[in-house]
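S.K.: A single structure is presented below for examination.
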Amino acid sequence: MPVDSSALIEEDDGRVTALPLARGQGVAAWRQIADEIEADIAAGRLAPGAQLPTEAKLAARFAVNRHTVRRAIAVLAAKGLLRATQGRGTFVEAKPLAYPIGRRTRFTEIVTREGHEAGGELISAVETAADEHVASILRIAVGAPVLETEMRRFVDGTPVSFGTSFFPLPRFAGMAAALRDTGSITRALAACGVPDYMRAETRISARLATVEDAARLDLSPGRILLVVDGVNVDAAGVPIQATRAFFAADRVELRVAG
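So for the sequence shown, full-length UniProt numbering puts the first residue at 1; every next one is plus one.
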């Protein structure tokens with residue numbers, strides 16, 4: 001039995017009006033609620049980025065308990081239609097961002113060009129010794145000092161990726177401070193004397209999100225992540241960054257430039 005979908009978004013003068021569900025027809029209440037919300041999203045009645053009412057309000061609206069509502073939301077989150085954020089609420093996922101990868105791949109430029117606001121957060125930065133893999137990519141000696149950074153990136157406040165990068169030292173001794181100040185790898189590299197750089201190599205794979213991944217990206221565990229391994233070089237062709245980034249597959253559409 002269809003319900004008035006607009007009532008999911010606004011209340012009448014602050015009153016909570018129960019909306020009927022079809023009972024005794026073999027369709028679980030949580031499934032009916034999930035179907036109604038999904039139909040609203042498909043029809044555009046719930047726009048990308050829209051916030052759903054709280055679990056308590058939805059439970060009152062459908063005359064069910066909060067566990068039933070929570071299960072409906074979990075199913076839609078697993079399908080990539082909703083994003084449940086601890087302490088903030090539940091939101092309709094935005095359409096995937098077109099993210100081209102080519103010789104010049106710049107996160108902030110790409111996001112801004114698509115009409116969105118880009119953001120970056122430095123999670124950690126530590127000096128460590130290059131292992132054999134990192135040393136081979138950066139063309140430095142095994143055990144040479146490198147700066148290992150972890151960053152998380154946002155589009156309109158929603159986390160879309162996180163990743164780890166390695167920068168050779170002492171050349172990029174000021175990289176951590178620049179990343180904290182700017183939240184941008186491009187601007188931080190410029191602050192360290194590299195005004196321009198190119199992507200020398202990109203490899204793309206995929207894996208399922210772990211519990212830790214899900215927490216970083218506000219995802220349900222088990223969702224698909226796109227894994228992008230890249231090597232950036234300066235104008236002279238010298239490797240300056242070895243990076244591995246994890247993108248939420250439902251939020252970013254990677255496009256490899258020809």
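Idealized CB from N, CA, C, for every residue including glycine. Predicted, not measured: the structure shown is a model, and the values here were computed from it.
What number of angstroms, rounded off, separates the C-alpha of leucine 189 from the C-alpha of threonine 54?
M.R.: Each residue's alpha carbon lies about 43 Å from the other.
S.K.: Can you give me the Cβ contacts of alanine 235 inside the same chain, cut-off strictly under 7 Å, excluding the 5 residues immediately before and after it?
M.R.: Same-chain partners within the cutoff: Asp196.
S.K.: For methionine 175, which residues does DSSP report across the bridge?
M.R.: In the DSSP output, where bridge partners are listed per residue, methionine 175 has none listed.
S.K.: Mapping the DSSP letters down to three states, classify threonine 182 as helix, strand or coil.
M.R.: DSSP places threonine 182 in helix when its eight states are reduced to three.
S.K.: Given isoleucine 9, which residues of its chain have a CB within under 6 Å of its CB, disregarding the five upstream and five downstream residues?
M.R.: With a pLDDT of only 48 at isoleucine 9, under the threshold of 50, the placement of this residue in the model should not be trusted; the figure read from the coordinates follows. Here the set comprises nothing.
S.K.: Can you tell me whether leucine 21 is buried or exposed, with buried defined as 16 or more other CB within 10 angstroms of its CB?
M.R.: Leucine 21 should be labelled buried.
S.K.: Counting only runs that start and end within the stretch 96–176, where is the beta strand (DSSP E) found for 3 or more residues in a row?
M.R.: If we require 3 residues or more, the beta strand (DSSP E) runs fully inside the stretch 96–176 come out as 97–101, 118–129, 145–155 and 158–168.
S.K.: When you compare the CB positions of leucine 169 and alanine 125, do they come within less than 8 Å of one another, or not?
M.R.: Cβ atoms of leucine 169 and alanine 125: not closer than 8 Å.
S.K.: Would you say glycine 120 and methionine 151 are within 8 Å of each other, going by their C-beta atoms?
M.R.: Taking 8 Å as the Cβ cut-off, glycine 120 and methionine 151 qualify as a contacting pair.
S.K.: Quick one, which of Ala135, Gln86 and Val64 has its alpha-carbon nearest alanine 215's?
M.R.: Per the Cα distances, Gln86.
S.K.: Would the stretch 139–150 and the stretch 105–124 be scored as touching if the rule is three or more Cβ pairs under 8 Å?
M.R.: As far as the Cβ criterion goes, the stretch 139–150 touches the stretch 105–124, which means the pair count is three or higher.
S.K.: What would DSSP say about alanine 74, mapped onto helix, strand or coil?
M.R.: Here alanine 74 sits in helix by DSSP.
S.K.: With distances taken between CB atoms, is the gap from valine 252 to tyrosine 99 smaller than 8 Å?
M.R.: Yes.
S.K.: If distances are taken between C-alpha atoms only, which option among Val160, Arg113 and Ala200 comes closest to isoleucine 137?
M.R.: Of Val160, Arg113 and Ala200, the residue nearest in Cα terms is Ala200.
S.K.: Extract the residue ranges of the alpha helix (DSSP H) inside the UniProt domain "HTH gntR-type" (27–95), only unbroken runs of 4 or more that lie entirely within it.
M.R.: Here the runs fully enclosed are 29–43, 55–62 and 66–78.
S.K.: Beta-carbon separation of glycine 163 and alanine 245 under 8 Å?
M.R.: Going by C-beta atoms, glycine 163 is nearer than 8 Å to alanine 245.
S.K.: Taking the continuous alpha helix (DSSP H) assigned at alanine 214, which residues delimit it?
M.R.: Alanine 214 -> alpha helix (DSSP H) spans 211–217.
S.K.: When you compare only the Cα positions, how much space is there between aspartate 40 and threonine 108?
M.R.: One C-alpha to the other measures close to 32 Å.
S.K.: Just the Cα atoms here: how many angstroms apart are threonine 68 and glutamate 93?
M.R.: If you take the alpha carbons of threonine 68 and glutamate 93, they lie about 21 Å apart.
S.K.: Sorted by chain position, which residues of the same chain lie with C-beta nearer than 7 Å to valine 256's C-beta, five sequence neighbours on each side aside?
M.R.: The residues are Ile101.
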